Amino acid sequence: MATLAQQIVNGLVLGALIGLIALGYTMVYGIIKLINFAHGEVFMVGAFGAHFTSAYLLPDAMPWYAALPVLCVAAVAVSVTVAVLMERLAYRPLRDAHSLAPLITALGVSILLQEVVRVFYPGATAPLPFPRVFVDSQLTAGSLIVQWTGVLAVAVSPLLAAALHWYVERSRLGRAMRAVAEDPDTARLMGIDLNRVILATFVLGAVLAGLGAVLYGIHYGQIDTTMGFQNGIFAFTAAVLGGIGSIRGAMLGAFCIGMVKSLAGQYAWGGAQYDYVWVFVLLILVLMFRPQGFLGRLERVRA
Amino acid sequence: MRTKSGAALSGLLAIGVVLGTGACGASKTESPGAAGSCDTSKGTLVVGVIAPMSGKLSAIGLGIRNSVQLAVEQANEKCAVKGYQLKMDAQDDEANPDKGAAAAQRFADDANVVGIVGSYNSGVARAIQPKIASTKLVQISPGNTDPALTRGAEYATAPKRQHENYFRVVGTDDLQGPYNARFLVQDEGKKRIAIITDGKAVAENMATEFTKEIEKLGATIVGREKVNENDSDFSSVLTKIKSLKPDAIFTGCDYSISGPLAKQAKDLGLNVPVSGNDGIFDPQFIALGGREGDIAASVGAPIDKLPTGSAFVEAYKKKNFPEGYGGFGSFAFDAANVIISSIGKVTASAAWTGAPEQRTALVKEVQAYSTDQGANGVVGFDEYGDSKNKLFTVYKVTSGAWKDVKSGQFEAK
Amino acid sequence: MTLDRPPVRHRKPAAPELPGPAAVLLRLRAPAAAVLVLAGALLPWASVVLPGGAYPDLATLQFFDAPHLVTGFRLHLVLLGLAAALLPRARKPAAIGVIAIALVHMAFLTGLGALSIGGPVTLAAGALLLWAARAEPPRPRMELKTPPPAVAWLVLLVAFAALLWLVSATLTAGGQSRATNPYGGAEFLAFLGFGLAVAGVLSAYGVLAWISAMSERHRIFSIAVLLGCALMLPFTQAGTGYWMTVASSIGVYAATAIGLNIVVGLAGLLDLGYVAFLGIGAFTAANLAHAVPFPVAALAGAVTAGVFGVVVGSPTLRVRGDYLAIVTLAFGEIFFRAAQNDIGGLTGGANSIPGIPPINVLGLAFNEPVGGLPGGSRYYMISVLMVAGAMAVLANLRRSRTGRAWLAIREDEDVARAMGVRTGRAKIVAFLVGATLAGLAGAVFAHKLGTVGYESFDFSESVTLLAAVVLGGMGTVPGAVVGASLLFVLPEKLREFSDYRLMLFGLALILIMRFRPQGLVSSS
Amino acid sequence: MTLIAENVSMAFGGLVALDDVTLTVPDRAIIGLIGPNGAGKTTLFNCLTGLYAPTSGRVLLDGRPLEADPAEAARHGVARTFQNIRLFSGMSALENVLVGRHTRIKQGLMSALFHGPAFRRSEAEAVERARAELAFVGLDPAGDTPARSLSYGDQRRLEIARALAGDPAVLMLDEPTAGMNGSETTAIRTLIGAIRDRGITVVVIEHDTKFIFSLCDHVHVLVRGRMLVSGPPEAVRTDPRVIEAYLGTTECSK
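Residue numbers (numbering that gives the first Met the number 0), protein chains in the order written: chain X, 0 to 302; chain H, 0 to 412; chain W, 0 to 523; chain S, 0 to 253.
Structure representation (structure tokens):
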């Protein structure tokens, strides 16, 4: 029983972290129908941005409430810069090309970013320890143990998702985003600046990825150049599972994946070595019986 | 439009002219030292390196490459091979057997190549061995630990030499695993041990050999779990292991997984030592989360207690390589020196042509090689091509650094 | 659904005529540039004799010293300079080639600290030539007449022999060993620049289109000659064990990429886990290797992979577009994990399956050297035949009811159904055929390498295969082969950049998609 | 062959697009379907061609219910064109028509792999037939131009050729003259007549009522998802309900 509770907590923490990346996937796909494989790398460079700030810029001893915001700002700044450059230089010129061109470009950007960091960031050929800026202790309830960092992730991640949801529903730019997602040609005719809306989508995704990167770093205590790819695949899976284009769906999908990975490792056939397999089996089953995901909308055949 | 491109072009022109005149002014003479003081009239001999130099294992691969580079440069300074200049040619195998086999073939075709240091991955070595077997090109691995590579699939019961041109300077899994098991049970008194691996050959084989020895010693393996090599969240696996109440965790993984694993074990209140082998004997393990009391059993004497070992470390640092020597640099250094010393003997009598007879002669010299002056102490090979060095040292994390607690020979029982 | 608009090209208006001497000067740009290229070729390029020996082809040679020593890149420059002087249409490609050669050598020589005036002068000449070429009015396309069959056959024979020479020369440019020839990288890249310039010149004069029209007309003859040329490669300079090993790897991946081209290029089904089929074929053959002869093992590998192709393809009945990408990615990951965990004892897990015997036909082991040819050449021949077979499958299906149904699905699935295409069945057939080809390639892979392990089949391999298809040109017959060759040869040739290899790979993907999204071999 | 829509209703969420529509398409006739924008004409087409499954009611083909699968409808001889031209734009004109011929070509996978004599015969037949259809609609029989580079009018013709290649019994044309000038419209009218003369029933959606009334044997008027009036052109033209419902549209399209 204690083990089950602990596994659920593990799943929640993992889901919260994946969810922040999944939001970026779901937003970009919703707007320009691009699986932005490089989004995981936006998350990764955010983590390295924060690492750089703390290792080379900040003084050694800083209380967490001072250091944490600085790291968040640094991570977000780096993530957003990379995302904007990526959109402007790599994706925008391909807006009218066939649909595989941006996808291949995304894979290229992903490889490029991983390798640039690995080769040029000092020490990045191996995992780097991330500074323990946040209280390095845990919350204990009976035999249940949760790191405070995990509590923070589980609390902050849905809050950010809710804020994003509110922003997309209420703000002017958010309305424009929804219009573009619905029908880009009509939206353009209505006077919506497509480039601005798409760029804004990338920026919003990058902000969340940057924040996610800091939460990830302080929770696991280490970062490496491949963290974006693996978690990016999970995040994309989460976005698809939840129904791509849906903010609530992405969070739901992420928690679902966290849970499945955690519980399958404990209880399912094959043990931890097959935990990924169960995540993907779930995905395939869901897509076969509900192709639009949990909360997605089915696209109608148009003739 | 026209004027714009015109301006751009004249700009280019100007840059070209400036570059040209600048370069003309500078004159370069040959750098003294290296080749200058020795007789290199007979040409160039090449020591090949095959290692993963990009991707996740690049830290290890680059350490191997730099260490061979160091050995080659030292040899050139000392005129170790009379009449020849030595060079290193490093090929990235990306930890991919297909790429490794192509690189090995490239070396085998090249008469100037005298031997290969590599590969790091046992999987790559399995593809290289048949490629170069008929060419008799000598291969010394600094990192393959799969016993089957030298002694065949029946290595425990009916060992048989696989390839006469294949050697290695590291201890195999069936030494490393059992040595660790004995230390945990006999010295530390552990009774219930859990195993974590990452699906890589070295981890799986080590864990299997470890398990055999643990069972012989009468202790219990409470569970064995495999994590994904790209994973960073081990909370689920550790929660499962915690429920099995172990008193130690054996990890077959290297520090990039074992470090975070140790950190997350602590986070979950699983306060038992993590024990591993060469792969975690690295300061990064501690930086990434290794705790006081975690254990590493590594081949050879403590490097800083051997004069030859500390000499290697000193020399490596002096070269200012951008990367560290990693877990396998010292082995690669030893392997390169075996090749260099043996080629010196072969070329003492006849000029090197790269003919199969000469390559066979070189293999014989390597087989006969023996010293106790390697960076890891004893360097030499038994009848299977395995390292004769069966000395192990156990280290523990003590006040934030690895500290040796015990050294001893491994005797099979 | 909106119609694709044909791209609108904005031609800049013709520049106003300049009066007098300015106009004369402008008109003299091109001849002057050509002369300057020739001069640059004969000027010293390196300021000293480098420690590794003279820079390629005695680059330190002094002014007009022994012109008969004009070889290597100097020869290429002279040829390009002459072309620019004599052939007006050749100016632009020649300029690009000259600039490429000059830049590559300048970069190397600057790195070695021995740059002399030859490089900068040549670069300036190339820039001047480009400027002159750009200013010229666009010319109508050259159309060459189709000759009688006998002449056409001769031309095709010569053309394909030249192609064989070009491939062999490209592969061997700069030599194999970086340790003994430290300038190999520069030589190779410069040769590549020269090769591209020659191709550009031929294309500007309509020669390439002429040859391809002829080969289309004499299809069977062309195929036979091309196949013959491909099989001749081991007899050229490139016939070393190393290049044969690399070339047979290319063959395996090209055959797999052709299978993927059917799935992605023809049917438009994005598959991100395709390498799993290669793996299934390889593991099947590896398990049977000791029990049955190679042809049976290969067939078994192909059939097993085909069956899995149908299994993986079946969700496509319900899942559309990009969702399919994630489903196939999931299947790929499931395969990878299952192989890693030695599922059913079939994959050897972490230890892989070692000791697969080489292909053995009539007592001849394929890894042994034969008659002066290196050991790998018979694997090379097998893979050439396999690739030729795969290309025939793709070409034949492309021109059949099934192939047209795939293209229709790719273009507009709803309309394809309205035309009576059973789209579900057609898609599954695409997966079946594609996976079967990959499985066959996998069987050759297993025997060629002698060991099969899960690490050969990870996600990045699927990405590489997809990149090969897209780089080459989706849906085209030679596309996947061109793409796979590039993705294998370039990294092998550019090993001195080994630290940056993957980085350059990523960058190349981005740049090619940016500037040539339809791929190098375009279907339209 | 007769195609019958029997009490067909179609709702998308809360929006009722078709409300209890009954329509009989007799053999060898030209049927016109008119109605204001959003009346449900294309939705009815989609139901008749199996693209949509009606919410209630059924579609009968020769007395048998039609599966909601366009491929099945095509196999049974119901072919169509689209309101916004939907060609396979990356394929050549000839290939487009060959896809239209898909259901009538007999080629197994194996024969397609090896291009044997049987395959070559069937392929040659298909190509010959496709070229004939191209010529029939007035396009270049060589057909090697990519569909996307054809002119607008030619794209409309190509769509018709593609639909005809499948030997349909019923051809459904969704606004075949949209965006065409006078002479092009006349040519299409001649073409539709010629198609009828081949023994194919034609169902036409049009806004141009003059076009419909001069061409069709029967005219149906659909307004807000309901069948308002059906009958011969003269009766429908003068029906006061039609004039009232259709006011403005008739005025404009003189």
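Quick reminder that beta carbons are idealized off the backbone N, C-alpha and C, glycines included. These figures come from a predicted structure and were not determined experimentally.
The alpha helix (DSSP H) runs of length 4 or more contained entirely in the region 171-248 of chain S are, from start to end of the chain, 181-196, 208-214, 232-237, 239-244.
Chain order gives the chain W residues near I34(X) as D321, A324, where near means a beta carbon separation below 7 Å. Residue contact with chain W for Q357(H): absent (no Cβ-Cβ distance below 8 Å to any residue of chain W). Residues of chain H with a Cβ closer than 7 Å to the Cβ of T236(X) do not exist; the shortest Cβ-Cβ separation is about 14 Å. Neighbours of P128(X) across chain H, judged by C-beta separation under 7 Å: A286, L287. At least 8 Å separates the CB of Q82(S) from every CB of chain W. Non-local C-beta neighbours of T148(X) in its own chain, meaning closer than 6 Å and more than five positions away in sequence, comprise F133, I217, H218, ordered along the chain. Interface with chain X (8 Å Cβ-Cβ cutoff): Y273(W) is excluded. Using a Cβ-Cβ cut-off of 8 Å, G242(X) does not count as an interface residue toward chain W, since no Cβ of chain W sits closer than that to its own.
Think of a sphere of 9 Å around the beta carbon of G268(H): the chain X residues whose beta carbon falls inside it are Q137, T139, S142, I144, in chain order.
DSSP lists V46(H), V137(H) as the beta-bridge partner residues of G114(H). Its Cα nearest to that of A52(S), the residue P69(S) stands out among P69(S), T80(S), N36(S), S91(S). The beta carbon of V196(X) lies closer than 6 Å to those of A175, M176, V179 in the same chain, with the five residues before and after it left out. A contact is defined here as three or more CB-CB pairs under 8 Å, and the region 110-118 of chain H meets this definition with respect to the region 331-342 of chain H. L281(X) has a beta carbon lying at 8 Å or more from every beta carbon in chain H. Per DSSP, reduced to three states, the secondary structure at Y90(X) is helical. With fewer than 16 other CB atoms across the displayed protein chains lying within 10 angstroms of its CB, G174(W) is exposed.
At a cut-off of 8 Å between C-beta atoms, N95(H) does not count as an interface residue with respect to chain X. Assignment of I219(W) by DSSP, reduced to helix, strand and coil, places it in the helix class. Using a Cβ distance threshold of 8 Å, G231(X) and A74(X) do not count as a contacting pair. By the C-beta density criterion, E122(S) is buried, having at least 16 other C-beta atoms within 10 angstroms.
DSSP links D88(H) through a beta bridge to G47(H). Membership of R79(S) in any alpha helix (DSSP H) is not indicated; the residue belongs instead to the beta strand (DSSP E) covering 77-79. Bounds of the alpha helix (DSSP H) holding Q128(H) are 121-132. For the region 223-235 of chain H, the set of positions with a beta-carbon nearer than 8 Å to some beta-carbon of chain X reads E224, K225, V226, N227, N229, D230, S231, D232, S234, S235 in chain order.
Listed in chain order, the non-local C-beta contacts of Y154(H) below 6 Å within the same chain comprise P146, A147, local neighbours out to five positions each way being set aside.
Close to Y219(X), with beta-carbon spacing below 8 Å, are these residues of chain H in chain order: S231, D232, P259, K262, Q263. Using beta-carbon distances, L22(X) does not count as an interface residue toward chain W, since no partner is under 8 Å. The secondary-structure analysis by DSSP pairs G373(H) across a beta bridge with G376(H). Linking K199(H) to E228(H) through their CA atoms gives a straight-line distance of about 8 Å.
Within the region 223-241 of chain W, those residues whose Cβ lies closer than 9 Å to any Cβ of chain H are, in chain order, T239, G240, Y241. Contact of G270(X) with chain H is assigned, a C-beta pair being separated by under 8 Å.
Of all residues in the region 384-400 of chain W, those with a C-beta nearer than 7 Å to a C-beta of chain S are V392, N395, L396, S399, R400, reading in chain order.
Ranking G96(W), R500(W), R494(W) by CA distance to the CA of G184(W) puts R494(W) first.
Taken atom to atom, the span from the alpha-carbon of L158(X) to that of V213(X) is near 16 Å. Contact residues of the region 199-216 of chain H toward chain X are absent (C-beta to C-beta distance below 9 Å).
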